[in-house]
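Take a look at the structure set out below.
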Amino acid sequence: MPPPPCTSCWCATPPAQVRDAGLALAAAEAANAASPTDATGMALATAVIGWGEVGGYDQESRWDACCVRVLGKPLAEVAERPISKLSGGQRKRLVLESLLGSDAEILLLDEPDNFLDIPGKRWLEQRLIESKKTILLISHDRELLAAAADAVITIEGRGAWTHPGSWATYDDARTARNESLGDALARWNAEERRLFHLFKEMKQRASYAESSARKAEVMEARWQRFVDAGPPPPPPTTKTVRMRLDGADSGKIALRCEGLELLGLTDRFDLEVHLGDRVAVLGPNGTGKSHLLRLLGGDATVEHEGGFRLGARVLPGLFHQTDEHPEFAGRTPIAIVGDHDLNEQAALAALGRYGIAECGPRPYETMSGGQRARLQVLHLELLGVNLLLLDEPTDNLDLQSAEALEAALAEFTGTVLAVTHDRWFLRGFDRFVILDADCSVAEALDRDAALHVITDDAAYPFSPAKLVPLSA
Numbered sequence: 013m014p015p016p017p018c019t020s021c022w023c024a025t026p027p028a029q030v031r032d033a034g035l036a037l038a039a040a041e042a043a044n045a046a047s048p049t050d051a052t053g054m055a056l057a058t059a060v061i062g063w064g065e066v067g068g069y070d071q072e073s074r075w076d077a078c079c080v081r082v083l084g085k086p087l088a089e090v091a092e093r094p095i096s097k098l099s100g101g102q103r104k105r106l107v108l109e110s111l112l113g114s115d116a117e118i119l120l121l122d123e124p125d126n127f128l129d130i131p132g133k134r135w136l137e138q139r140l141i142e143s144k145k146t147i148l149l150i151s152h153d154r155e156l157l158a159a160a161a162d163a164v165i166t167i168e169g170r171g172a173w174t175h176p177g178s179w180a181t182y183d184d185a186r187t188a189r190n191e192s193l194g195d196a197l198a199r200w201n202a203e204e205r206r207l208f209h210l211f212k213e214m215k216q217r218a219s220y221a222e223s224s225a226r227k228a229e230v231m232e233a234r235w236q237r238f239v240d241a242g243p244p245p246p247p248p249t250t251k252t253v254r255m256r257l258d259g260a261d262s263g264k265i266a267l268r269c270e271g272l273e274l275l276g277l278t279d280r281f282d283l284e285v286h287l288g289d290r291v292a293v294l295g296p297n298g299t300g301k302s303h304l305l306r307l308l309g310g311d312a313t314v315e316h317e318g319g320f321r322l323g324a325r326v327l328p329g330l331f332h333q334t335d336e337h338p339e340f341a342g343r344t345p346i347a348i349v350g351d352h353d354l355n356e357q358a359a360l361a362a363l364g365r366y367g368i369a370e371c372g373p374r375p376y377e378t379m380s381g382g383q384r385a386r387l388q389v390l391h392l393e394l395l396g397v398n399l400l401l402l403d404e405p406t407d408n409l410d411l412q413s414a415e416a417l418e419a420a421l422a423e424f425t426g427t428v429l430a431v432t433h434d435r436w437f438l439r440g441f442d443r444f445v446i447l448d449a450d451c452s453v454a455e456a457l458d459r460d461a462a463l464h465v466i467t468d469d470a471a472y473p474f475s476p477a478k479l480v481p482l483s484a
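For what it's worth, my numbering labels the leading residue of the sequence shown as 13, then goes sequentially.
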């Protein structure tokens, strides 16, 4: 079967010769179908032979298996489907299935877990563990790193270093390394001062004892060689990110949903959230999790029936997964933060706590995804909200910023509802609402039960008594 145009499900970076042979075969088939002649028939036969010679049929077989695993349908049924019609998770799974099933011995994976829901992350984790390939991956998913990485390379300071162990021992290894670097630098500084003072002492003696002149020259040369060789690398400077979330108190009931239905996404469900609750909203992609947060945050365009009520003195604030802040367009972070009655100096200090002071005078559009995410959290801090609605808050955060957010949430006295696929981040939550693909809504009574339900495997012990239906 010839490959369709490269905007379809077929083409995810195939080898160039396979792509070219496939396009030639598709063109030959089309020409022969439009006007069959001996010449077009011969051209088609030649294209078929060329397709086989470059391994095209092997590619078809591999991609057929990939499509069945990811899309639930064989290649023949989806080959003409535009890639743009697939979700981000489906696209990522297709490419990863192809790479992990290929003959390549070394894989370079840049944020392979992005766009994957929790079942997808668990699948990737298991595939990486089982793979015999050498894999270099960039990831901020701490659960994935803890389960699948057997060495950690860190790029910081003036270079890189390797921890030849698991993520579980990484923090201790990094602390020990930094202490060792600090000790080595202190010893170098002490030795440099000692050699310098010896040289100065000899030079002073040489001024009244000619016999000391030669010794002074030797000591100066020794000191100079030591200085020229340079000090050992210093411990890397750690950028401190300090987030403060201090919302005012609200009523005991922060949120009550009564017969709420997200049209086309959920059945009607009831939910009561109390002051101080940490509620994780979980489920496969496309089940309405982000729609729910947007609705609770005041987005009247979300189609729904039934209702919800915020409690007394509840002030909600929404963190957008996709940086949807048109009001920030063309403005600088200094100006955005300054809207909260902060002068430029105070605004820069606030930005500095979040590690983004250098972005202060630059337009919002020039900020990276992680920098925008930190600015969003700062914006919520300054608003003084006491109901945080967080849509994938750790997606674009580096590890340090994610840990800073977790620390801030641990001190936050208000209420949190968060959509997340970050299993490590889930450790800070005590309630787990699940929106399933069948439109049902339920609450799992602990993290293990929630992960079991949404991954549908036997990795976690599960009792039906730990899942409470919220929808009719």
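Idealized CB from N, CA, C, for every residue including glycine.
- Residue ranges of uninterrupted alpha helix (DSSP H) with 4 or more members, entirely inside the region 373-421 and ordered along the chain, are 381-395.
- DSSP lists F281 as the bridge partner or partners of S483.
- Note on the region 82-125: whole alpha helix (DSSP H) runs with a minimum of 4 residues are 87-90, 100-112, in chain order.
- Setting aside the 5 residues that flank it on each side, F281 is surrounded in the same chain by C269, L272, V453, L482, S483, each with a C-beta closer than 7 Å to its C-beta; the list follows chain order.
- As DSSP reads the structure, L274 sits in a beta bridge with H316.
- Of the other Cβ atoms in all chains shown, 16 or more fall within 10 Å of the Cβ of T278; this residue is therefore buried.
- In the displayed model, H209 falls within a helix according to three-state DSSP.
- Going by beta carbons, Y376 and F340 fall inside the 8 Å limit.
- According to DSSP, V164 shares a beta bridge with H175.
- Put simply, of S143, K133, R226 the residue whose alpha carbon is nearest the alpha carbon of S114 is S143.
- In this structure, Q412 lies near K251, with their beta-carbon atoms less than 8 Å apart.
- In the DSSP annotation of this structure, the continuous segment of the beta strand (DSSP E) that includes I147 starts and ends at 146-150.
- Remark: C-beta atoms of L275 and V445 do not approach each other more closely than 8 Å.
- Exclusion of the five residues before and after L119 leaves L111, K145, I147 as the residues of its chain whose Cβ lies within less than 6 Å of its Cβ.
- Using a C-beta cut-off of 8 Å, the region 361-374 makes no contact with the region 221-234, since fewer than three inter-stretch Cβ pairs fall below that distance.
- According to the DSSP assignment, R290 belongs to the beta strand (DSSP E) that extends over 290-294.
- Contact between the region 431-441 and the region 394-413 is present, with at least three C-beta pairs closer than 8 Å.
- When Cβ pairs closer than 8 Å are counted between the two stretches, the region 245-260 is seen not to touch the region 296-316, the count staying below three.
- Excluding five sequence positions before and after A196, the CB atoms of its chain that fall closer than 7 Å to its own CB belong to P244, given in chain order.
- Nearest neighbour of K104 by Cα position, chosen from I466, F127, E117, turns out to be F127.
- Segment contact: the region 79-99 against the region 58-71, fewer than three CB-CB distances shorter than 8 Å; contact not assigned.
- Across the set A46, D129, V239, E418, the C-alpha of V239 shows the shortest separation from the C-alpha of F208.
- The residue from P247, T49, L330, R343 with its alpha-carbon nearest to that of T187 is P247.
- Between V291 and V428 a beta carbon distance of about 7 Å is seen, short of the 8 Å cut, so the two are scored as contacting.
- Between L156 and E137, the gap from beta carbon to beta carbon is short of 8 Å.
- Residue pairing for T427: DSSP places it in a beta bridge opposite L399.
- Secondary structure note for I446: its beta strand (DSSP E) is the uninterrupted segment 443-447.
- C451 carries a coil assignment under DSSP once its states are collapsed to helix, strand and coil.
- Rounded to the nearest whole angstrom, the CA to CA distance from D448 to R199 is 60 Å.
- Taking the CA atoms as reference points, D458 sits about 49 Å from G67.
- Proximity to L287 across D125, D162, V397 peaks at V397, based on C-alpha coordinates.
- Distance from the CA of W75 to the CA of I130, rounded to the nearest whole angstrom, comes to 24 Å.
- Excluding five sequence positions before and after D410, the CB atoms of its chain that fall closer than 8 Å to its own CB belong to H152, G382, given in chain order.
- The region 340-350 and the region 386-393 touch, with no fewer than 3 CB-CB distances between them shorter than 8 Å.
- Looking at V230, L193, E415, A39, the one whose alpha-carbon comes closest to that of G440 is E415.
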